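Since the structure comes first, as structure tokens, the remarks are kept for the end.
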Amino acid sequence: MNSRPVRRIALGCLLMVSLVGARAEGDAERAAPTRPGSTASPAASAPAKAAPSPAPAAAKKTPPAPVLRFPNPEWVDITVAAKRLGLKIAWKVSGREAVLTDKDTRLEVASDRIEVELDGQRIFLGQALVSRGGDLFITKIDLERCLLPLVRPELIGRTKPRPKTIVIDPGHGGPDKGMVNTRFNFFEKTYTLDTSLRLKKILEARGWKVVLTRNDDRQLKRGKQEDLQRRADIADDVNADVFVSIHFNAVADQVEKVSGLEVYRFTPQHQPPVTRALRRLDDEILNPGNVNDVWNSLLAFTIQRRLLLELKLDDRGFKHDRLAVLRLVSCPAVLIEGGFLSNTAEARRIATATYRQQLAEAIANGLTAYATQLESLQAGAKPKGR
Ligand SMILES: [Zn+2]
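Per this note's numbering, residue -6 is the first one in the sequence shown, and the count goes up by one each step.
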């Protein structure tokens, strides 16, 4: 299990998009036809819910730690979860740390951690596991919408046809440069476009229909929110089967210590994004991106796997956030952060055509692997080669 802290950094490029997404959720809240209602019982999922603050004086204080009571329908005992995943459980620390395995799978979980490790890949769940009365519990949402699609996709209970149309979204453009490395004068928008054009070429040669949200250095719409909405609308206009948004990352501090790859899916309903520990009201909204929670998970994990295998960069994890482009798109969608422009060595690498070609090929191979898995599922077979 990786010991790196979970929420170490503020993501530059991502944060910006995320904040826009957060603002947009206000609109979604007003317009959303589906609210959780009483059946979702968010109050019962006490571990992630901020306590209400009735008085202004109380609002300034940190909310008290919520009380989690069991039995609780939103939480599943890890031994029950192991059965659901078809895995055997072995305790490393009784009631706190466990390893779940079968012949091709190794899943490590631990209490109070949002991060688990699946076949060596870092996976960030929606909520940390909890230990109570000698038992370890995981949320039902993390079990059913995150781990099940990765470990036992044949148990999802639904299938999807092999994707035909892929929309590639080169992040930023025009006046929105994205992340900037001022030392080298590197702009994120340049590399997202170049990588996307390379990816398009590879995918078309493999027989896919490919549409780019932008083919040159431009903003799609004036205003960040309108621009992001337009990117999602393009996917809907062409009836896309998969949406891939390509970005590069940056941090403000410890720039030479932070490097590597991140792959994002949209945060499931009723969970806080990975950047925030406590649940709040807008997490209860069902967004368009949530329709594909299980497929988002399978897609993100499959692409993360290919990126790590082929690029040999640090694994910063399979994560989730309420990013506007992922929230608004109605097909399975993923956002890839292909390295840190704030890190000198990584920025130099990203600036090479060789790296961007490798990145494009790894993404293409991830998409091909995802399509093959969907084909197997449609044929009623258990997908191989996770
Ligand atoms: Zn970006």
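A virtual CB, placed ideally from N, CA and C, is assigned to each residue, including glycine.
Small disclaimer: the values here were computed from a predicted structure and weren't measured.
Notebook entry, point to check: Would you call the CB atoms of A103 and R115 closer than 8 Å?
Noted result: Within the sequence shown, numbered from 1, the residue matching residue 103 stands at position 110. Within the sequence shown, numbered from 1, the residue matching residue 115 stands at position 122. Result no, Cβ atoms of A103 and R115 do not sit closer than 8 Å.
Item checked: Beta-carbon proximity list for R138, same chain, < 6 Å, skipping 5 on both sides -> Numbered from 1 along the sequence shown, position 145 holds the residue referred to as residue 138. Same-chain partners within the cutoff: P261, D286, V287.
Checklist line | DSSP state of I107 mapped onto helix, strand, coil | finding: Looking up residue 107 in the sequence shown gives position 114. Looking at I107 - three-state DSSP - the assignment turns out to be coil, as it is neither helix nor strand.
Checklist line | Residue of K217, A243, K153 minimising C-alpha distance to A364 | finding: Residue numbering aside, residue 364 sits at position 371 when the sequence shown is read from its first letter. When each option's Cα is compared against that of A364, the closest is K153.
Item checked: Between the CA atoms of G126 and L254 - distance to the nearest angstrom -> Stepping through the sequence shown from its first residue, residue 254 is reached at position 261. Stepping through the sequence shown from its first residue, residue 126 is reached at position 133. Each residue's Cα considered, the two are about 37 Å apart.
Check: Does the pairing of the stretch 324 to 332 with the stretch 239 to 249 give three or more beta-carbon distances under 8 Å?
Finding: yes
Check: Should E181 be counted as a contact of ligand 1 given a C-beta to heavy atom distance under 7 Å?
Finding: Along the sequence shown, one-based indexing puts residue 181 at 188. Under cutoff, so the answer is yes.
Note to self: Quick check on DSSP: helix, strand or coil for P276?
What the structure shows: Mapped onto the sequence shown, residue 276 falls at position 283. In the sequence as displayed, the identity of residue 276 is Asp instead of Pro. Helix, per DSSP.
Checklist line | Three-state secondary structure assigned by DSSP to S189 | finding: To locate residue 189, count along the sequence shown from 1; it is residue 196. In this structure, S189 counts as helix in the three-state DSSP scheme.
Margin query: So, for A353: in the same chain, excluding its five sequence neighbours on each side, which residues have a beta-carbon less than 7 Å away from its beta-carbon?
Written below: Taking the sequence shown and counting its residues from 1, the one referred to as residue 353 is at position 360. Cβ neighbours of A353 beyond the five flanking positions: T188, R191, L192, I195.
Next item on the list: Note the first and the last residue of the continuous alpha helix (DSSP H) segment covering F294.
Entry: Stepping through the sequence shown from its first residue, residue 294 is reached at position 301. It spans 286 to 304 - the alpha helix (DSSP H) in which F294 sits, taken as one unbroken run.
Note to self: Check for me: the alpha helix (DSSP H) holding E358 runs from which residue to which?
What the structure shows: Looking up residue 358 in the sequence shown gives position 365. In the sequence as displayed, the identity of residue 358 is Asn instead of Glu. 346 to 371 is the span of the alpha helix (DSSP H), which, as asked, contains N358.
Margin query: Suppose you measure from the CA of E147 to the CA of K375; what does that come to, to the nearest Å?
Written below: For the purposes of this step, residue 147 is taken as the residue at position 154 of the sequence shown. For the purposes of this step, residue 375 is taken as the residue at position 382 of the sequence shown. Rounded to whole angstroms, E147 to K375 spans 6 Å at the Cα level.
Next item on the list: Assuming L186 contacts G167 (C-beta within less than 8 Å), just tell me the rounded distance between them.
Entry: Walking along the sequence shown from the start, residue 186 turns up at place 193. Walking along the sequence shown from the start, residue 167 turns up at place 174. Going by Cβ atoms, the distance from L186 to G167 rounds to 11 Å, so no, they are not a contact pair.
Checklist line | Secondary structure of I71, DSSP reduced to three states | finding: Position 78 of the sequence shown, counting from 1, holds the residue named residue 71. If DSSP states are grouped into helix, strand and coil, I71 belongs with the helices.
Notebook entry, point to check: Which same chain residues, not among the five before or five after N358, have their C-beta less than 8 Å away from its C-beta?
Noted result: The residue you call residue 358 lines up with position 365 of the sequence shown. Here the set comprises R299, E303.
Note to self: I'd like the span of the alpha helix (DSSP H) that includes K217, first residue to last.
What the structure shows: Sequence index remark: in the sequence shown, residue 217 carries index 224 (1-based). Here the alpha helix (DSSP H) through K217 covers 217 to 230.
Check: Would a C-beta distance cut-off of 8 Å place T98 and R199 closer than the cut-off?
Finding: Within the sequence shown, numbered from 1, the residue matching residue 98 stands at position 105. Within the sequence shown, numbered from 1, the residue matching residue 199 stands at position 206. No, they are not a contact pair.
Item checked: Check whether V322 and A225 have beta carbons under 8 Å apart -> The sequence position of residue 322 within the sequence shown is 329, counting from 1. The sequence position of residue 225 within the sequence shown is 232, counting from 1. Yes, Cβ-Cβ distance for V322 and A225 is below 8 Å.
Notebook entry, point to check: Is G166 near ligand 1, in the sense that its beta carbon is under 7 Å from a heavy atom of that ligand?
Noted result: The residue given as residue 166 occupies position 173 in the sequence shown. Every heavy atom of ligand 1 is 7 Å or more from the Cβ of G166, so no.
Check: Comparing the CB of G171 with every heavy atom of ligand 1, is any distance shorter than 7 Å?
Finding: The count along the sequence shown starts at 1 and reaches residue 171 at position 178. Yes, ligand 1 has a heavy atom inside 7 Å of this Cβ.
Margin query: Could you check whether the Cβ of H240 sits closer than 7 Å to any heavy atom belonging to ligand 1?
Written below: For this step, residue 240 is matched to residue 247 along the sequence shown. H240 Cβ: within cutoff of ligand 1.
Notebook entry, point to check: Which stretch, first to last residue, makes up the alpha helix (DSSP H) that contains E339?
Noted result: Within the sequence shown, numbered from 1, the residue matching residue 339 stands at position 346. Here the alpha helix (DSSP H) through E339 covers 337 to 343.
Notebook entry, point to check: Closest by CA to K85, which one among T94, D162, E219?
Noted result: One-based indexing of the sequence shown puts residue 85 at position 92. Ranking the options by Cα distance to K85, first place goes to T94.
Item checked: Of the listed residues L78, N65, V73, D105, nearest to A270 (C-alpha basis) -> Locating residue 270 in the sequence shown gives position 277, counting from the first residue. Residue D105 is the option with its Cα nearest to A270.
Notebook entry, point to check: Comparing alpha-carbon positions, which option in V92, L61, F180, I159 lies nearest T132?
Noted result: Here residue 132 refers to the residue found at position 139 when the sequence shown is read from its first residue. Out of V92, L61, F180, I159, L61 has the C-alpha closest to the C-alpha of T132.
Notebook entry, point to check: Hey, quick one: how far does the alpha helix (DSSP H) through P163 stretch, first residue to last?
Noted result: Sequence index remark: in the sequence shown, residue 163 carries index 170 (1-based). No alpha helix (DSSP H) holds P163; the beta strand (DSSP E) holding it covers 158 to 163.
Checklist line | Nonlocal neighbours in the same chain, by C-beta distance under 6 Å from S252, ignoring five residues either side | finding: Against the sequence shown, residue 252 aligns to sequence position 259. Excluding positions up to five away in sequence, the list reads D307, F333, N336, E339.
Next item on the list: Going by CA-CA distance only, name the one from I161, P156, T183, R176 that's closest to D169.
Entry: The residue you call residue 169 lines up with position 176 of the sequence shown. Residue T183 is the option with its Cα nearest to D169.
Note to self: Helix, strand or coil, according to DSSP, for I149 in the structure here?
What the structure shows: Numbered from 1 along the sequence shown, position 156 holds the residue referred to as residue 149. In this structure, I149 counts as coil in the three-state DSSP scheme.
Check: Roughly how many whole angstroms lie between the Cα atoms of T295 and G216?
Finding: Position 302 of the sequence shown holds residue 295. Position 223 of the sequence shown holds residue 216. One C-alpha to the other measures close to 33 Å.
Next item on the list: Taking 8 Å as the cut-off, decide whether the C-beta atoms of R320 and F259 are in contact.
Entry: The sequence position of residue 320 within the sequence shown is 327, counting from 1. The sequence position of residue 259 within the sequence shown is 266, counting from 1. Contact: yes.
Notebook entry, point to check: In the structure shown, what three-state DSSP assignment does G331 receive?
Noted result: Here residue 331 is taken as the residue at index 338 of the sequence shown, counted from 1. G331: strand per DSSP, three-state reduction.
Notebook entry, point to check: When burial is assigned at 16 or more other CB atoms within 10 Å of the CB, is R176 buried or exposed?
Noted result: Here residue 176 corresponds to residue number 183 of the sequence shown, with the count starting at 1. Exposed.
Note to self: Please classify D246 as buried or exposed, where buried requires at least 16 other C-beta atoms within 10 Å of its C-beta.
What the structure shows: For the purposes of this step, residue 246 is taken as residue 253 along the sequence shown, with counting starting at 1. D246 comes out exposed.
Check: Given F63, which residues of its chain have a CB within under 6 Å of its CB, disregarding the five upstream and five downstream residues?
Finding: Walking along the sequence shown from the start, residue 63 turns up at place 70. Excluding sequence neighbours, F63 sits near R125.
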